[in-house]
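Read in order, the letters of the sequence shown correspond to residues -22 to -1, 1 to 165 in mature numbering (1 follows the signal peptide of the UniProt record, and there is no 0). Below is one structure, written out as structure tokens; the observations come after it.
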Amino acid sequence: MIKPLLLSLTFLFSLGSTTAWAQAADPDTVILSDSLEYDDINRLSTFVGNVILTRGNLNLRADKIVVNETADGGQHAIATVANSPKVLVRQESPEKFEIIKGESRQVEYNSATEQLILVGKAVITRYVCGQSIDSISGDRVIYNKKTDMYQAVSQATPGSGQNRVRSVARPRAHIDRAIAECQQKSH
């Protein structure tokens, strides 16, 4: 019991003490889970059981998350589910009054590119001031926070018309109205 606790504490303290994890401008990564296995030599951490990853305004919930620290200090995480229906992702952008919510069977996150890749019945919905604005779904959906770009792919059976990508977008005037309402409420 003491050895896993010491490994957990060592891992958590290393998050804040090494420049390999992040530059000063990068947010800390905090991960809560039922258990942790940390391999210092390979810079690999495996979190299992009711896992919650928080990095800045990004929140990711899964049954299991494997985090690999890259040589340049970045993080690559793969989140999966076994008991839960879906991996859940929430990315807030308060300056834009925006929340991105996603769900799928697996999520990959790359801290260097700020890219989320959702795989398996993937859905991403963008909310502005609490109102659903855009929604995109497919077998695989990629969201890049740096560029605010989405990409969706489906693996349809030829001629079946099933498993197609689906996108719903509101008119720009609706988005502008939602933003104006939020700006007015915040003053």
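No residue lacks a Cβ here, since even glycine has one placed at the ideal position from N, Cα and C. Given the structure is predicted, the values throughout are model-derived calculations rather than measurements.
- With respect to the 8 Å criterion, Gly80 and Val106 are not classified as neighbours on the basis of their beta carbons.
- Residue state for Ile114 is assigned as strand, using DSSP reduced to three classes.
- Around the beta carbon of Ile19, a 10 Å sphere encloses fewer than 16 other beta carbons of the protein chains shown; the residue is thus reported as exposed.
- The beta carbon of Ala147 sits closer than 7 Å to the beta carbons of Asp112 from its chain, once the five residues preceding and following it are set aside; these are given in chain order.
- With contact defined as three or more Cβ pairs closer than 8 Å, the region 37 to 55 and the region 75 to 92 are in contact.
- Counting the other Cβ atoms within 10 Å of the Cβ of Thr48 gives fewer than 16, which makes it exposed.
- Under the three-state reduction of DSSP output, Ala55 falls in the strand class.
- When rounded, the separation of the alpha-carbon atoms in Met127 and Ser115 is 14 Å.
- Going by DSSP, Ile77 is part of the beta strand (DSSP E) stretching over 76 to 82.
- Close CB contacts of Ala57 within its chain, under the 6 Å cut and outside five residues either way in sequence, are with Leu38, Ala40, Ile43, Val65, Val85 (chain order).
- Our two residues, Tyr16 and Thr24, have alpha carbons roughly 6 Å apart in a direct line.
- The continuous beta strand (DSSP E) containing Ser13 extends over residues 13 to 17.
- In chain order, Asp117, Asn141 place their CB closer than 7 Å to the CB of Gln133, counting only its own chain and leaving out the 5 sequence neighbours on each side.
- Annotated three-state conformation of Glu92 is coil, per DSSP.
- Secondary structure at Asp126: coil, using DSSP grouped into helix, strand and coil.
- By alpha-carbon distance to Glu76, the top candidate from Arg104, Gly27, Val59, Ser145 is Arg104.
- In this structure, Pro5 places its C-beta atom within 8 Å of the C-beta atom of Arg33.
- When secondary structure is reduced to three states using DSSP, Arg33 falls in the strand class.
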